[in-house]
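Asker:
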Amino acid sequence: MIKHTFAILTATLSLATAAAEPIWTSIRPAECTPLTRAASGKMADDYQHCKGMGGWQLWAGSADSQPASWLLLGRGQTMWNTHTLLTNPQRWGQFAGLGADKVEWQQQGGMATGLIFRVNGQQDDGRKQSRLVALKLTPQAVQYCGDADTIAGARALLAQDQCSTPLPAQPVQCLHQAPGAAGCQ
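Note that the sequence shown ends on residue 659 in my numbering; no numbers are left out.
1. To which residues does DSSP link residue 596 through a beta bridge?
2. Going straight from the alpha carbon of residue 530 to that of residue 581, what length do you get?
3. At a cut-off of 7 Å, is residue 635 close to the ligand FAD when judged by its beta-carbon and the heavy atoms of the ligand?
4. What is the rounded straight-line gap between the Cα of residue 608 and the Cα of residue 643?
5. Any idea if residue 542 is buried or exposed, counting beta-carbon neighbours within 10 angstroms, 16 or more meaning buried?
6. Thinking C-beta only, is residue 500 closer than 8 Å to residue 623?
7. Sort 496, 523 and 547 by Cα distance to residue 502 and report the nearest one.
8. Is residue 624 helix, strand or coil by DSSP?
9. Tell me where the alpha helix (DSSP H) around residue 641 begins and ends.
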């Protein structure tokens, strides 16, 4: 009986530890595959298809061949775009963009449940700021949970599970369409 209880306790602790282990993937252009969306009189957005996790696809997006500025997350035929979230100068300042070469995936049982990534910006007075964004991932939605100064703070936002701001969704095929195509942002 003691042996059986010990085995269950060990298995439970192993699962809890595995669930807590984050996975990092690169969003460096050299480690991602380029994908250029067609332009129709507007700036072309360049996308890099990067390594995803647990059924999720990941693209780093940039406008006009600038450094990566936002992320798109895809699952099945739907993708969620962080562009609107990251182009808010009141929150991030001017020139907001991705501030690190990797993202952190939170997982449970091999399924991605959260994503943390760094955003850098500049205030009107020239001060630079850097924050970690926490997104909750479910098969049906991606939600903004908040942003924090530290990785521990971003992880805590995901653990609190009080995420309520959904990111805009659109069909994955919009990556291959001209900006403004029907149903695409």
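Beta carbons: idealized from backbone N, C-alpha and C, even for Gly.
Answerer: According to the data block:
1. As a first step, residue 596 is located in the sequence shown; it is residue number 122 there, counting from the start. DSSP output for residue 596 lists 568 and 602 as bridge partner(s).
2. Translated into the one-based positions of the sequence shown, residue 530 becomes position 56. Translated into the one-based positions of the sequence shown, residue 581 becomes position 107. Those two C-alpha atoms are separated by around 11 Å.
3. Among the components modelled here there is no ligand, and therefore nothing to report on the ligand FAD.
4. In the sequence shown, counting from the first residue as 1, residue 608 sits at position 134. In the sequence shown, counting from the first residue as 1, residue 643 sits at position 169. Using only the alpha carbons, I get a separation of about 17 Å.
5. Taking the first residue of the sequence shown as position 1, residue 542 is located at position 68. Counting Cβ neighbours within 10 Å, residue 542 comes out buried, since at least 16 surround it.
6. Looking up residue 623 in the sequence shown gives position 149. Looking up residue 500 in the sequence shown gives position 26. For residue 623 and residue 500, no; Cβs fall outside 8 Å.
7. Taking the sequence shown and counting its residues from 1, one reaches residue 502 at position 28. Taking only the C-alpha atoms, the option nearest residue 502 is 523.
8. Taking the first residue of the sequence shown as 1, we reach residue 624 at position 150. If DSSP states are grouped into helix, strand and coil, residue 624 belongs with coil.
9. Numbered from its first residue, the sequence shown carries residue 641 at position 167. Counting along the chain, residue 641 falls outside any alpha helix (DSSP H), and DSSP gives it neither H nor E.
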